[in-house]
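Note sheet for the following structure.
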Amino acid sequence: MSGDGRPLRISVFGAGSIGCYLGGRLAAAGAEVTLIGRERVGAEIREHGLRLTDLHGADIRVGASGIGFATGPASAATADLVVVSVKSAGTPDAGAALASAIGSDTVVVSAQNGLGNADTLRAALPEQVVLAAMVPFNVVHRGGGHFHQGSEGDLEIEQHPAVRAFERVFDDAGLPLHARADFRSVQWAKLLLNLNNAVNALSGLPLREELSQRSFRRAVALAQREALALLTARGIAVAKLTPLPPQWIPRLLTVPDAVFRVVGSRMLAIDPHARSSMWDDLEAGRRTEVDWISGEIVRLAAASGRAAPVNARLVELVREAEAGGNRHWSGDTLLADLRSQ
Ligand SMILES: NC(=O)C1=CN([C@@H]2O[C@H](COP(=O)(O)OP(=O)(O)OC[C@H]3O[C@@H](n4cnc5c(N)ncnc54)[C@H](OP(=O)(O)O)[C@@H]3O)[C@@H](O)[C@H]2O)C=CC1
Ligand SMILES: CC(C)(CO)C(=O)C(=O)O
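Going by our numbering, the sequence shown runs without a break in its numbering and finishes at 396.
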């Protein structure tokens with residue numbers, strides 16, 4: 056509810072996996088939600104409505120009449136809250152579109168991966184409160200309006216008094232928001248986990264299958280160790296998002312498969328069909344977010360007068376894959392390639 060007792064009006068800019076899942080669950084919890092996205096998604100929702108499921112057995116349906124859909128930003132003009140869930144390459148356009156549509160009272164939340172999307176939105180929306188949030192779980196678009204949350208975790212958001220106005224509806228939607236003062240460290244921690252996105256996209260495999268293979272895990276560990284060394288050298292804090300501290304995760308990743316099945320069981324607790332969002336992009340022939348994820352480590356190295364050869368190579372290989380190159384690396388070949396850097 057808003058302060059004057061009416062349902063909260065929420066626009067979701069970027070009706071894809073994350074946008075439809077969050078928007079659908081918020082609509083089911085009583086918010087007045089409009090999704091802003093492409094016509095193909097609008098047609099799917101008009102035909103099927105939305106079905107939102109998760110790994111705990113939630114199975115929520117929102118009929119087509121229970122949620123708005125638009126292809127442009129005008130509907131966001133009356134929103135109390137706009138959640139931005141486009142891929143990073145689309146953030147400048149999303150910011151420009153919202154700048155032409157929303158007033159200064161609308162709060163904007165970036166539910167995107169990477170470090171800089173909220174800053175990009177802030178630059179376009181200097182009068183609005185813009186907050187970064189972090190989505191820890193994976194969403195699989197199963198078609199026919201069905202979006203499935205395939206792994207665990209709660210949403211995290213930058214601490215700000217504006218959160219109070221909408222935290223209740225997120226709670227009611229089963230999407231509790233954890234407000235954090237040290238949000239940069241949360242973003243770095245998520246980015247470390249997202250270094251797997253490039254490896255997953257290059258493997259061509261579902262996440263669970265990829266992470267079940269030691270050579271792929273070793274490739275991820277190489278990328279994470281390189282990143283952690285740079286973060287430590289710069290004194291950059293990394294939040295603990297997982298039961299193990301981030302510094303221990305590379306060690307966990309490199310244990311033999313049979314051991315990992317036991318000690319890494321939480322990492323394997325993921326829907327067997329779930330893929331990384333970077334694999335989704337390669338599959339759809341779109342530009343990936345590799346520059347906003349692995350590329351951040353390359354930029355951090357450059358700013359420190361150092362090199363990040365493993366992450367630089369992953370950026371290069373994903374760019375090659377975007378241009379039609381190999382998208383089905385075996386773990387051993389990828390690991391050997393990265394080790395030779
Ligand atoms: N998928 C996942 O499981 C997770 C994703 N994330 C992060 O969440 C963010 C969103 O990811 P995800 O949901 O997978 O992305 P998707 O690509 O599934 O969704 C984004 C949607 O927004 C549309 N879009 C982009 N620009 C516009 C525009 N100007 N007007 C209307 N529609 C637009 C895109 O269309 P088109 O493709 O045609 O441009 C696409 O349909 C990313 O930063 C990602 O890294 C975080 C955790 C998990
Ligand atoms: C949830 C996770 C880590 C893996 O699916 C992700 O953020 C992504 O796919 O971009």
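Cβ coordinates follow ideal geometry from the N, Cα and C atoms, glycine included.
Spanning the alpha carbons of R101 and D114 requires a straight line of approximately 19 Å. Of all C-beta pairs linking the segment 119-131 to the segment 214-234, fewer than three are shorter than 8 Å, placing the two stretches out of contact.
DSSP places I100 in the uninterrupted alpha helix (DSSP H) bounded by 94-103.
Between T175 and A134 the beta-carbon gap is near 19 Å, outside 8 Å, which marks them as no contact. For L257, the enclosing alpha helix (DSSP H) has its first and last residue at 238-258. A direct Cα-to-Cα measurement between D392 and V137 gives close to 42 Å. For F192, DSSP records no beta bridge to any residue. Collapsing the DSSP output to three states places V318 in a helix. For L355, the shortest separation between its Cβ and any heavy atom of ligand 2 does not lie below 7 Å.
Distance check between I348 and each of R341, A339, A367, D335 places A367 closest, using alpha-carbon atoms only. The segment 290-302 and the segment 163-182 do not touch, with fewer than three beta-carbon pairs separated by less than 8 Å. L210 carries a strand assignment under DSSP once its states are collapsed to helix, strand and coil. At a Cβ-Cβ threshold of 8 Å, W384 and L257 count as neighbours. D135 sits in coil when the DSSP states are folded into three classes, being neither helix nor strand. The shortest CA-to-CA distance from S240 to any of D387, P301, D109 is the one to P301. In the structure shown, the three-state DSSP call for I291 is coil. Rounded to the nearest angstrom, the Cβ distance from L105 to G79 is 4 Å, consistent with a contact under 8 Å. Put simply, of A178, A119, Q268, G92 the residue whose alpha carbon is nearest the alpha carbon of A129 is G92. Q214 is the residue among E99, Q214, V310, H203 whose C-alpha sits nearest the C-alpha of V185. Residue environment: N381 is assigned as exposed (fewer than 16 neighbouring CB atoms within 10 Å of its CB, all protein chains considered).
The beta carbon of L337 lies closer than 8 Å to those of A256, T343, V373, A376, E377, R382 in the same chain, with the five residues before and after it left out. In the three-state reduction of the DSSP assignment, A228 falls in the coil class, being assigned neither a helical nor a strand state. Contact residues of ligand 2 (beta-carbon closer than 5 Å to any heavy atom; chain order) are N193, S331, S332. Taking C-beta atoms as the reference points, E281 and A357 fail to come closer than 8 Å.
Approximately 3 Å separates the beta-carbon atoms of G386 and S270; this is inside 8 Å, confirming the contact. R235 places its beta carbon less than 8 Å from that of E211. For a cut-off of 8 Å, the C-beta gap from T309 to A276 is around 5 Å, short enough to register as a contact.
A heavy atom of ligand 1 is found nearer than 7 Å to the CB of V141. Burial of D326 is indicated by the presence of at least 16 other C-beta atoms within 10 angstroms of its C-beta. By the beta-carbon neighbour count (other beta carbons within 10 angstroms, threshold 16), P181 is exposed.
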